[in-house]
Structure formats: structure tokens, C-alpha cells
Amino acid sequence: MSKEEESREVLPTKEYYNPKMGNYQEVYRRSIEEPDRFWQDQSKILDWFKGFDEVLDDSNPPFYRWFKGGKLNLSYNAVDRHVKMHRRNKAAYIWIAENGEEKIITYDGLYRRVNNFAKALLDMGMKKGDRVVIYLPMILEAPVALLACARIGVIFSFVFAGFGAGALADRIKDSGAKMVITSDGANRSGKVIDLKGIVDEALEQTSSVGTVVVVKRTGNSVNMEEGRDIWWHDVVKDGQAYVDPEWMDSTDPLYILYTSGTTGKPKGVLHSTGGYGVWVASTLKWAFDPQEDDRWWCAADIGWVTGHSYIVFAPLILGLTSIMYEGAITYPAPDRMWEIIERYRVNILYTSPTAIRTLMRYGEKYPRMHDLSTLKTLGTVGEPINPSAWKWYYENIGYSRCPIIDTYWQTETGGFAIAPSLNLGLPPLKPGSATFPMPGIEPTILTDSGKEVKPNEKGFIVYNRPWPGMFMTLYNDPERFKSVYFEKFKGKYYCGDYAVKDSDGYYWLLGRADEVLNVSGHRLGTIEVEDALITSQEVAEAAVFGKPDEVKGEVIVAFVVVKESAADDRDIVPKLRKRIREDLGPVYVPEEIHIVKSLPKTRSGKIMRRVVKAVALGQVPGDISTLENSASVDEVKAAIEEFKKVAKN
Ligand code: WTA
């Protein structure tokens with residue numbers, strides 16, 4: 126048995142596993158064979174102001190339009206409808222600050238805050254179709270801002286608060302945002318990150334923003350520019366506002382979320398209103414089957430798609446109570462997550478393999494300090510989970526009682542694409558497999574030439590048909606939308622991942638097939654790091670790639686050729702690190718930067734990143750006969766040897 130096959134073991138059947146998988150097969154079959162009727166029924170998970178005329182308009186592929194003619198508002202679905210019924214006084218969020226303080230906000234409280242802020246946005250001149258960039262930490266104003274934008278039809282673009290000024294400026298420019306919503310700082314591991322300072326720097330590089338709204342969170346002293354910057358608490362003075370929710374078309378955009386690709390600047394993934402709303406609410410229900418009284422904790426950051434879909438829209442549409450935590454999961458101690466689970470009697474925990482591996486490193490001592498018996502279900506997202514982390518999570522956090530819902534999906538899919546379904550019928554789980562597709566998703570695994578692979582053979586995963594949560598396009602770039610996702614395999618959606626389907630029909634996701642990095646579950650582009658390096662005055666050439674890492678999944682490694690003028694600069698590495706931190710943000714800082722005299726290139730002068738990576742990782746670099754400068758391969762080898770020597774000492 127190969128190592129890979131060995132890890133594909135089936136867990137012993139427990140009472141919650143259903144060998145026949147309950148209704149899953151039947152529901153899935155209907156979603157594929159009678160999609161119109163299926164989605165017509167499923168659309169009732171939302172309240173519509175006006176019913177739609179057509180379930181799917183596929184007249185202009187790949188620009189699919191769902192629930193055409195329907196009118197609705199997602200802020201109405203997330204708050205108004207709950208306020209009119211038994212959920213009025215139910216907690217929507219239990220928010221925990223990094224210092225342990227808590228705030229509980231009911232659906233009624235959320236409704237008031239959303240209305241007040243929506244009114245403030247209107248008063249500041251924002252209107253349907255305008256773009257607003259939100260650059261906030263994990264505080265309650267974040268969901269309030271998202272919902273207030275959705276209420277009045279403003280397209281929001283959330284930028285993860287771990288991104289630097291350059292990354293923020295690019296997103297402001299591409300979206301043409303008129304406003305930025307930020308805070309005076311973010312609390313992270315006991316330190317304050319000066320978000321407002323980063324916004325000020327980004328705005329020096331852009332010209333579209335007229336207003337900056339600043340939430341007071343840390344008391345950090347900030348510069349408030351007269352006529353441009355205004356405090357959140359000064360704009361929401363009217364405590365009793367009501368704003369009619371805008372009747373949005375189902376196909377009106379809800380938000381843009383930038384994500385990394387293989388080439389060029391990050392791509393603005395544009396999501397719809399109706400299709401996205403139906404998809405996120407349906408998938409959360411199918412996969413995790415949350416109950417009315419459950420406490421749901423999605424421990425992601427709101428700045429990534431996981432937070433958009435499963436901290437904000439899906440749980441609120443379903444009327445759930447969510448835990449929201451402000452800070453780092455190891456602060457002040459590595460039992461932070463377990464302590465929160467015990468204190469708030471959390472029922473469902475949804476986190477990432479990196480978080481699990483990080484906490485696993487600290488040992489069982491920390492989870493043992495707490496009563497975790499309220500947990501019923503565990504989930505993971507963001508990267509392939511290795512079987513040993515899966516088992517640790519299963520045994521030490523779930524005490525072998527809680528199924529693990531491994532959800533495979535992407536910013537582009539809007540919500541889960543492949544995941545076990547607790548609500549429809551759970552299959553026997555296999556550690557490391559995301560199991561079966563959600564209803565409506567029809568995956569196939571193909572060879573490079575587009576032929577279907579045999580069971581247990583690795584290939585490229587594609588989806589054969591559109592699904593409601595599918596993004597509508599790339600903002601400002603419909604051509605790139607078509608070429609990146611629909612050209613490699615004509616007419617099929619290409620995910621960019623490798624996968625295997627085993628002989629029982631289970632899907633195993635094996636990581637990216639392109640040069641997109643996955644560092645701690647964060648999707649980053651090699652090209653972005655290379656660009657940041659090359660635009661530094663000292664750098665002539667750069668090659669960046671991901672190196673496998675036991676905890677983070679991958680870490681970033683850079684090989685850099687410096688210009689003559691910087692050849693004697695002994696501080697070059699820390700300088701470059703600092704530059705990347707400020708420009709792109711701390712998540713992008715390479716773990717290793719190697720300075721070399723030359724990089725392997727083709728005769729036409731293209732840097733062969735693939736060769737650098739193979740040589741650096743001690744693998745066979747494949748065909749290098751087209752190399753212009755084979756001596757550079759020895760340089761890469763020598764740099765790595767030197768690095769290992771230094772690291773040892
Ligand atoms: C990877 C995050 C294996 C995959 C929701 C995908 C996964 C990329 C899983 C999307 C999983 C996400 N198993 N791989 N359960 N979940 N991925 O857009 O490579 O930030 O293409 O969306 O993460 O990352 P994104």
C-alpha cells in the first residue's frame with residue numbers, strides 16, 4: 126500500500142453515520158436531474174419581495190444568472206425577518222474581545238445597528254451600486270457594515286486587516302471605492318495594529334475615496350484628516366433610524382472579494398445577491414445541520430470568504446447564534462479556543478487545518494483543561510487536512526463523538542462545494558477526504574488533455590455545470606473571468622486544484638495545481654510577492670514559491686538577485702522583509718529569502734520558477750535542457766546548503 130492509500134482509511138461506523146447516507150443520494154440526484162424544480166424549492170430558504178421568472182438563465186455562458194427577475198434584500202433576510210418573530214431577543218452574536226470582555230447582540234440589536242449605519246451611509250451620499258472598502262478587524266461593526274451596505278445596495282469589498290498599504294491601495298483602485306470603513310486599530314496578540322495609519326498610507330496612492338469612517342476600538346491615537354475622516358460614533362448618532370431595504374435584483378452584485386491568481390494583480394471575485402444567499406444558507410444547513418439552540422463558531426476572519434459566508438450571511442439568514450472572537454487563538458495562552466468553547470458552551474466549531482496543527486503542537490494538555498462536552502460537530506476549511514491532524518481533532522477535541530465536516534470550496538464558489546452532509550445523510554468518514562459534492566455540484570476529474578481519469582488517479586477537478594453560489598464574473602475583467610476559469614477545459618469551471626476520486630466515489634483534494642500559495646489557509650499569489658520584490662529598488666530578479674510546512678501547509682521561499690548597487694548591502698534581507706510586510710502585509714513575508722547571483726532562465730529570458738523550486742526542495746528539476754544558464758542551478762543548490770548549515774548552528 127502506498128502512503129497515500131494507507132491514509133485513505135474508513136472510520137468505524139458510528140451511530141451518526143448512515144451507510145445508506147440517508148436522503149443524500151436522492152436529494153443529490155434531484156439536484157442534477159431536475160435542477161429547476163430543485164432550486165425552485167430550495168430558494169424558499171430566503172424571503173423574496175418578488176418571485177423570480179426563471180431559475181437559471183444560461184443563455185450567455187459562462188455568465189450564468191440565477192433566479193432572474195426575483196427581488197430581495199439579504200440584510201432583510203439576515204435581520205428584519207427574525208425581528209418579526211420569536212428570534213427578536215435571540216443572540217445573533219456573542220462577541221469576545223481579546224482581553225476577555227464580551228458583548229452579546231440580539232437580532233433586534235443588530236437590526237437597529239444595521240439601520241442606523243445604513244442611514245449614516247445614505248446621509249454621507251452612498252447609493253446603490255457605489256463601492257465601499259471595509260478594512261476592519263473582528264469587531265461587531267464589521268458585520269454591521271456589511272449588512273448596512275447590503276441593505277442599500279452598496280457593493281462592499283472587504284480587505285483582510287492583515288494586508289498592507291500596497292495591497293489595500295490596489296483593491297481601492299480596482300474597485301473605485303468612494304469610502305473606506307476602518308478602525309483606529311486592531312488588537313492582535315496583545316499588540317495594537319495601526320490600521321488607520323495603513324489606510325492613510327494607501328490613500329496617498331489612490332484618488333477615489335472621499336470619506337473614511339473610523340471605528341474607535343483601541344484608543345490608539347490616529348490622524349483624522351479634516352473633511353475626509355469621520356468617527357463611526359459621530360455618524361450613527363440617530364439611534365432610531367429605519368431604512369427601507371433596497372429591492373435588489375437577484376442578479377445585482379452583493380460584494381467584490383479580491384483573491385490571488387497565477388498572474389497579475391488579485392482578481393475581484395463578484396458575487397450575486399439571490400444565488401449567493403440561497404447557496405450559503407443551503408450549504409450551511411446541509412453540511413452542519415445547525416439547530417435553533419446551537420451556538421455556532423466559525424473561527425475564520427471576516428476578511429476572507431469563509432467569514433463573509435459563514436460568520437455573516439449564512440448563520441444570520443438561518444437565524445443562528447454565532448460566536449465571534451476578536452483576537453489570536455493562542456493569546457493569552459494556547460487554550461484560548463478551548464476556554465471559549467467551555468465558557469460559552471459552543472456546539473459546533475468550524476476552523477482551519479493550520480489552527481488545528483498549531484494547537485496540536487502545544488499538546489493535549491490544553492484541551493484537557495476544559496470541558497468540551499457541548500461540542501457536537503467539528504469542521505475544517507481552507508486547505509487539505511492531513512489524516513494525523515484530522516485524527517487529533519477527532520479524538521482530542523471531539524472525543525470521537527463529533528463528525529468532522531471537511532469543507533472544500535473557494536472564494537469563487539461562494540460556499541461549500543464538496544463536504545459531508547450531516548443534514549441529508551452522513552457517509553462513513555475518511556480522514557482527509559471532503560467526501561461527496563453538495564447538491565448541484567457536479568465534479569469531474571480530468572487529465573491535462575481533458576479525458577476523465579480512472580478511480581484513484583490524480584487529475585484536475587472541474588465542475589460540469591453552474592451552481593447558485595457561483596461568482597458572476599471578475600470585477601472589471603470579464604475576459605479574465607472566461608480565460609482563467611473556462612478555457613483550460615472548454616465550458617467547464619476549472620477550480621485550479623488537483624483531486625482524486627477513490628473507488629468508493631469519495632473526493633480527495635490534493636492542493637493547488639497552479640502557482641497559487643496556501644499559507645495557513647490563506648490564499649496568496651507567488652506573483653504578488655515577486656512583484657513586491659522586483660519593484661524594490663535593490664532587486665533585479667526574483668523567483669518565489671511555496672515550500673511544504675508541517676504547521677502552515679506551505680511557507681513562502683524567495684530567491685532574489687540584487688542589483689550591483691545593493692551587492693554589498695548586508696541588511697538586504699531584513700530590508701526586503703520589512704518592505705513586503707508594509708506593502709502586502711505580514712502573511713506575505715517569506716520564511717526564507719536567498720540572495721543568489723543568477724536564476725535559471727529559458728533562452729528567451731523567462732525565469733524558471735519550477736526549476737528553482739525543484740532544486741531548492743531537493744527534487745529532480747525535470748527537463749532543464751532549455752536552460753540558458755545551467756550554472757544558476759548550482760547556485761540555488763549552494764544557497765540552500767548554506768542556509769541549512771546556518772540554520773543548524
Ligand atoms: C484550498 C477558502 C482541500 C483549495 C474557502 C482551494 C481546500 C483554495 C479546502 C481556496 C479543503 C479550501 N480541502 N483544499 N477542505 N478548502 N482548500 O479562495 O486549494 O481562500 O482552491 O477559499 O483553498 O481558497 P479560498
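Residue 557 in the working numbering sits at position 432 of the sequence shown, and the numbers go up by one each step. We put the CB at the ideal spot given by N, CA and C, even for glycine. These numbers come from a predicted model, not from an experiment.
Measure the C-alpha to C-alpha separation of residue i and residue j and round it to an integer number of angstroms.
i: residue 500; j: residue 223; result: 22 Å
i: residue 698; j: residue 475; result: 37 Å
i: residue 665; j: residue 509; result: 35 Å
i: residue 621; j: residue 601; result: 21 Å
i: residue 410; j: residue 625; result: 26 Å
i: residue 332; j: residue 354; result: 15 Å
i: residue 759; j: residue 691; result: 22 Å
i: residue 212; j: residue 379; result: 25 Å
i: residue 225; j: residue 430; result: 26 Å
i: residue 396; j: residue 492; result: 38 Å
i: residue 452; j: residue 725; result: 42 Å
i: residue 610; j: residue 446; result: 36 Å
i: residue 456; j: residue 341; result: 22 Å
i: residue 687; j: residue 360; result: 49 Å
i: residue 238; j: residue 323; result: 26 Å
i: residue 352; j: residue 427; result: 29 Å
i: residue 388; j: residue 148; result: 42 Å
Check whether the Cβ of residue i lies closer than 8 Å to any heavy atom of ligand 1, and answer yes or no.
i: residue 423; result: no
i: residue 509; result: yes
i: residue 622; result: yes
i: residue 740; result: no
i: residue 559; result: yes
i: residue 431; result: yes
i: residue 710; result: no
i: residue 671; result: no
i: residue 605; result: no
i: residue 653; result: no
i: residue 717; result: no
i: residue 396; result: no
i: residue 674; result: no
i: residue 679; result: no
i: residue 533; result: yes
i: residue 625; result: no
i: residue 636; result: yes
i: residue 648; result: yes
i: residue 640; result: no
i: residue 506; result: yes
i: residue 387; result: no
i: residue 537; result: yes
i: residue 479; result: no
i: residue 408; result: no
i: residue 384; result: yes
i: residue 345; result: no
i: residue 202; result: no
i: residue 312; result: no
Tell me which same chain residues have a C-beta within less than 8 Å of the C-beta of residue i, skipping the five on either side of it?
i: residue 739; result: 745, 746, 747
Taking the beta carbon of residue i as the centre, do at least 16 other beta carbons fall within 10 Å, making it buried, or is it exposed?
i: residue 275; result: buried
i: residue 488; result: exposed
i: residue 392; result: buried
i: residue 462; result: buried
i: residue 244; result: buried
i: residue 416; result: exposed
i: residue 766; result: exposed
i: residue 673; result: exposed
i: residue 300; result: buried
i: residue 210; result: exposed
i: residue 771; result: exposed
Got a sec? Which residues, its chain only, sit under 6 Å from residue i by beta carbon, not counting five neighbours each side?
i: residue 659; result: 667
i: residue 394; result: 382, 384, 536, 537, 596
i: residue 677; result: 479, 644, 645
i: residue 335; result: 303
i: residue 377; result: 398
i: residue 366; result: 240, 241, 244
i: residue 719; result: 684, 764
For residue i, collect the residues of the same chain with a Cβ closer than 7 Å to its Cβ; drop the 5 residues on either side in sequence, then sort them by chain order.
i: residue 649; result: 385, 642, 712, 713
i: residue 166; result: none
i: residue 173; result: 195, 196, 197
Under the DSSP definition of a beta bridge, which residues are partnered with residue i?
i: residue 447; result: 218, 421
i: residue 681; result: 671
i: residue 622; result: 637
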